[in-house]
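> Residue 317 is where the sequence shown starts when you use this note's numbering, and the numbers rise one by one after that.
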Amino acid sequence: MALSPLLQRYEQVILDLDGCIWVGERPVAGSPEAVAALRSAGLRVAFATNNAWRPAEDVVAALWGHGIQASLGDVVTVGAALQHLLAETRQGRSAFVIGGEVVLRHVSDAGLRVVNGTDAAQEADVVVVAGTDQVDYADLRDASLSAARSGDLLGTARDPTLPMPGGHWPGTGALLAAVETASGVTAQIVGKPEPQLFRTAIDRLGGGPTLAVGDRVDSDIAAARAAGIDGALVLSGGMSAEQAEAASADGGPVPVATAADLRTLVLGDAAA
Ligand SMILES: [Mg+2]
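(1) Around the C-beta of A586, are 16 or more other C-beta atoms found within 10 angstroms, so that it is buried, or is it exposed?
(2) Any heavy atom of ligand 1 closer than 7 angstroms to the CB of G553?
(3) When the Cα of Q324 is compared with those of L354, P348, L333, which residue comes out closest?
(4) Within its chain, find whatever has a CB closer than 7 angstroms to the CB of V391; leave out the 5 residues flanking it on each side and keep chain order.
(5) Hey, D332 and D458: beta-carbon distance below 8 angstroms or not?
(6) Does DSSP classify G547 as helix, strand or coil?
(7) Which of the three DSSP states, helix, strand or coil, is assigned to S410?
(8) Return the bridge partner residues of Q512 from the DSSP annotation.
(9) Can you tell me whether D332 is helix, strand or coil according to DSSP?
(10) Leaving out five residues before and five after A426 in sequence, what residues of the same chain have Cβ atoms less than 6 angstroms from its Cβ?
(11) When you measure from the CB of D531 to every non-hydrogen atom of ligand 1, does any distance come out below 7 angstroms?
(12) Just to confirm, does G335 get its C-beta within under 7 angstroms of one of the non-hydrogen atoms of ligand 1?
(13) With distances taken from CA atoms, which of T448, Q512, P479 is nearest A542?
(14) Which same chain residues, not among the five before or five after A562, have their C-beta less than 7 angstroms away from its C-beta?
(15) Give me, in chain order, the residues of the same chain whose beta-carbon lies closer than 8 angstroms to that of L382; leave out the 5 immediate sequence neighbours on both sides.
(16) For D534, is the beta carbon positioned less than 7 angstroms from some heavy atom of ligand 1?
(17) Pull the bridge partners of P481 from the DSSP assignment, please.
(18) Any heavy atom of ligand 1 closer than 7 angstroms to the beta-carbon of A475?
(19) Pull up the CB-CB distance for L492 and G471, whole angstroms please, since I reckon it's below 8 angstroms.
(20) Is M480 buried or exposed, if buried means 16 or more other CB atoms sit within 10 Å of its CB?
(21) For my contact list, T405 and A368 are in at a C-beta cut-off of 8 angstroms; report their separation, rounded to the angstrom.
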C-alpha cells in the first residue's frame, strides 16, 4: 500500500500509544496496517509513551497482542528517556527516587547510586519523581529535603491525574507537586510536552526527517515542536478538531497534518 504524500516526506516516525495505537485496552482500527505500511515503505518506527509504570517488555507484549510487531528497541518509555538523560548528565551521582521498580532500575542503569532507605536519603544529589502507588510520607519528606538541598529535581511527567473508571487518581504531577511545594524547587520534566522523550526516540532511530504522531496538541505536538521535529495529530484519542484548533491558537503548537486516525494519516484517502 502506498503511503500518503505527507508520510513520504519522512524517514522515521515516532508513534504515541494511548489514543493513537490503542484507547485503553481497545485497539484503534487500522493501526496495525498503518504500522506495517510504514515499515514496508522503509520508514523506521518507534513507539513512545509517557507511561513510567509499565516496563517496555509489557508494551511490546501489548503491541503484539494487537497485531503489531515490535521489539524492545522499538519502545521508548519515559523511564528509558530518563535513563538516557541521567546517563548523559548525572552519572555517578546519588539519587533519591519516588517511583516503582521500573524507574528504580532505569536510574541505577544510568549509573547513579540509589540512596532510598540509607542514611544518605535526605541528601541525595538528584531527586526523581515518577508515578507510583508505592509512596509514603517518609518518601515525600526525604525527596523534599534532598531536592531543597541540591536543587536538582526531575519528574517523568506533570500529568495531575490518572483517569480511572471510578474517577481520577493522583498522577505523577500530584506527587511531584508535593515535593515541589515542600522544597521550593521546580522540576525538570522528562516526558511530553518536554522534548526529552522524543530526543531519546530520535537517538534510538537514527537521523533523518522525523514525524511524531499523537492524539494531543498540548502533549504530543508540543513535544514535537520542543524537539524540533514535525508533529501530526490523530483524532482517535478523544481530542476533537475544535479542541485541537483551540490548543494551536495564540502561538500554540500547530500539527503539520490532522487526520481521523493513524491509518488515514499514513495511507491517505485512497485506503479509506
Ligand atoms: Mg496519547
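Backbone N, C-alpha and C define an ideal beta-carbon position, used for all residues, glycine too.
Computed from a predicted model, the values in this text were never measured in an experiment.
A quick look at the data gives this:
(1) One-based indexing of the sequence shown puts residue 586 at position 270. Caution is warranted here: a pLDDT of 48 is assigned to A586, below 50, making its placement in the model unreliable, and the coordinate value is therefore given only provisionally. Label assigned to A586: exposed.
(2) Here residue 553 corresponds to residue number 237 of the sequence shown, with the count starting at 1. For G553, the CB falls within less than 7 angstroms of some heavy atom of ligand 1.
(3) The sequence position of residue 324 within the sequence shown is 8, counting from 1. Here the closest residue by C-alpha is L354.
(4) Residue 391 sits at position 75 when you count from the first residue of the sequence shown. Within the same chain, V391 has close Cβ partners F363, A372, V375, V376.
(5) Against the sequence shown, residue 332 aligns to sequence position 16. Against the sequence shown, residue 458 aligns to sequence position 142. No; because the gap between Cβ atoms is not below 8 angstroms, this pair is not in contact.
(6) In the sequence shown, counting from the first residue as 1, residue 547 sits at position 231. Strand, per DSSP.
(7) To locate residue 410, count along the sequence shown from 1; it is residue 94. Strand.
(8) Stepping through the sequence shown from its first residue, residue 512 is reached at position 196. Partner(s): none; Q512 has no beta bridge.
(9) Here residue 332 is taken as the residue at index 16 of the sequence shown, counted from 1. Strand at D332.
(10) Your numbering for residue 426 matches position 110 in the sequence shown. Excluding residues within five positions, the ones whose Cβ falls inside 6 angstroms are Q399, L402, A403.
(11) By one-based count along the sequence shown, residue 531 stands at place 215. Yes, the Cβ of D531 comes within 7 angstroms of a heavy atom of ligand 1.
(12) Within the sequence shown, residue 335 is the residue found at index 19, counting from 1. At least one heavy atom of ligand 1 is nearer than 7 angstroms to the Cβ of G335, so yes.
(13) Counting from 1 along the sequence shown, the entry for residue 542 is found at position 226. Closest by alpha carbon: Q512.
(14) Sequence index remark: in the sequence shown, residue 562 carries index 246 (1-based). Nothing listed; no residue qualifies.
(15) Within the sequence shown, the letter at position 66 stands for residue 382. Here the sequence assigns His to residue 382, which means Leu is not the residue at that position. Taken in chain order, the residues that qualify are I337, W338, P343, S347, P348.
(16) Residue numbering aside, residue 534 sits at position 218 when the sequence shown is read from its first letter. No; taking the cut-off as 7 angstroms, the Cβ of D534 has no heavy atom of ligand 1 nearer than that.
(17) The residue labelled residue 481 in the question sits at position 165 within the sequence shown. In DSSP, P481 forms no bridge with anything.
(18) Counting from 1 along the sequence shown, the entry for residue 475 is found at position 159. According to the sequence shown, residue 475 is Asp rather than Ala. For ligand 1, not one heavy atom lies less than 7 angstroms from the Cβ of D475.
(19) Translated into positions along the sequence shown, residue 492 becomes position 176. Translated into positions along the sequence shown, residue 471 becomes position 155. Confirmed, Cβ separation roughly 4 angstroms.
(20) Your numbering for residue 480 matches position 164 in the sequence shown. The residue is exposed, with fewer than 16 neighbouring Cβ atoms inside 10 Å.
(21) Translated into the one-based positions of the sequence shown, residue 405 becomes position 89. Translated into the one-based positions of the sequence shown, residue 368 becomes position 52. No, T405 and A368 are not in contact; Cβ-Cβ is about 18 angstroms, not under 8 angstroms.
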